[in-house]
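Working notes, beginning with the structure itself.
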Amino acid sequence: MPGGVNSPVRAFGGVDVDPLFIASAKGSKIYDIDGSEYIDYVGSWGPMILGHAHPKVLKAIATASQKGTSFGAPTLAETALAKKIIAAFDSIEKIRLVSSGTEAVMTAIRLARGYTKKDLIIKMAGCYHGHSDSLLVAAGSGLAEGAIASSGGVPDSIAKLTVVIGYND
Numbered sequence: 822m823p824g825g826v827n828s829p830v831r832a833f834g835g836v837d838v839d840p841l842f843i844a845s846a847k848g849s850k851i852y853d854i855d856g857s858e859y860i861d862y863v864g865s866w867g868p869m870i871l872g873h874a875h876p877k878v879l880k881a882i883a884t885a886s887q888k889g890t891s892f893g894a895p896t897l898a899e900t901a902l903a904k905k906i907i908a909a910f911d912s913i914e915k916i917r918l919v920s921s922g923t924e925a926v927m928t929a930i931r932l933a934r935g936y937t938k939k940d941l942i943i944k945m946a947g948c949y950h951g952h953s954d955s956l957l958v959a960a961g962s963g964l965a966e967g968a969i970a971s972s973g974g975v976p977d978s979i980a981k982l983t984v985v986i987g988y989n990d
């Protein structure tokens, strides 16, 4: 694997340390392959809001997986979840469930560009918003500035459509 990990954000290259390889996790704690314990302030980059290996989540996964794990087609469960989310938030009229934060941000960018008829997007310097070409501009530690791709393979023509701004500037 390039960089020894499955995602550039997990390589820790921007902070010049070796990546942690995690062996297990429970609650708010993660344990690396050397047995060291850490408080997980990252929460798997967002989705672990109930902590790792929460008993109710594990039970729900076990129950749901008995019906199958991936269908490539709509399910009644995802429709029910979408309805619950819409009912909980007055501002939401429609929802699309996606598999990753990258897909969610790409969808938001596509909707914004379609609505505004503008190609430029703004993102914050040093922030990782997902692994798509428009977002791999000045991503990570903040060491890169301006419309400079943080990864090879991102065309300059795409990088130029991303305006990078700093916080409190």
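Residue numbers (my numbering): 822 to 990.
A virtual CB, placed ideally from N, CA and C, is assigned to each residue, including glycine.
On a Cα-Cα basis, can you pick out the residue from THR937, MET945, HIS950, ALA846 that is closest to SER988?
Per the sequence presented here, residue 988 reads as Tyr, with Ser not at that position. When each option's Cα is compared against that of TYR988, the closest is MET945.
Environment of ALA980 [buried if 16+ CB atoms lie within 10 Å]
buried
If I measure Cβ to Cβ from TYR859 and keep anything under 8 Å in the same chain, skipping five residues before and after, which residues do I get?
LEU841, LYS850, ILE851, TYR852, ASP853
Inter-residue Cα distance where the pair is THR884 and THR896
15 Å
So, are the CB atoms of LEU982 and SER953 less than 8 Å apart?
No Cβ-Cβ contact shorter than 8 Å links LEU982 with SER953.
DSSP three-state call for ILE906: helix, strand or coil?
helix
Taking the alpha-carbon positions, what's the LYS905 to VAL838 distance?
42 Å
Quick check: what's the CA-CA separation for GLY947 versus LEU957?
10 Å
Would DSSP call MET945 helix, strand or coil?
strand
If you check the beta carbons only, do GLY935 and GLY867 fall under 8 Å apart?
no
Neighbourhood of LYS938 by C-beta distance below 7 Å, restricted to the same chain and skipping five residues each side
none
With a cut-off of 8 Å on the beta carbons, I'd call VAL873 and LYS847 a contact; round off their distance for me.
Before going on, a small fix: residue 873 reads as His here, not Val. The distance from the Cβ of HIS873 to that of LYS847 is about 5 Å, consistent with a contact at the 8 Å cut-off.
Determine the extent of the beta strand (DSSP E) in which LYS847 is found, giving its start and end residues.
Segment 843–847, the beta strand (DSSP E) holding LYS847.
Could you say which of ALA933, LEU902, ALA909 lies nearest to VAL919 if we only look at CA atoms?
LEU902
So, with DSSP's three-state summary, where would you put ILE986?
strand
On the criterion of 16 or more Cβ atoms from any shown chain inside 10 Å, does VAL878 qualify as buried, or is it exposed?
exposed
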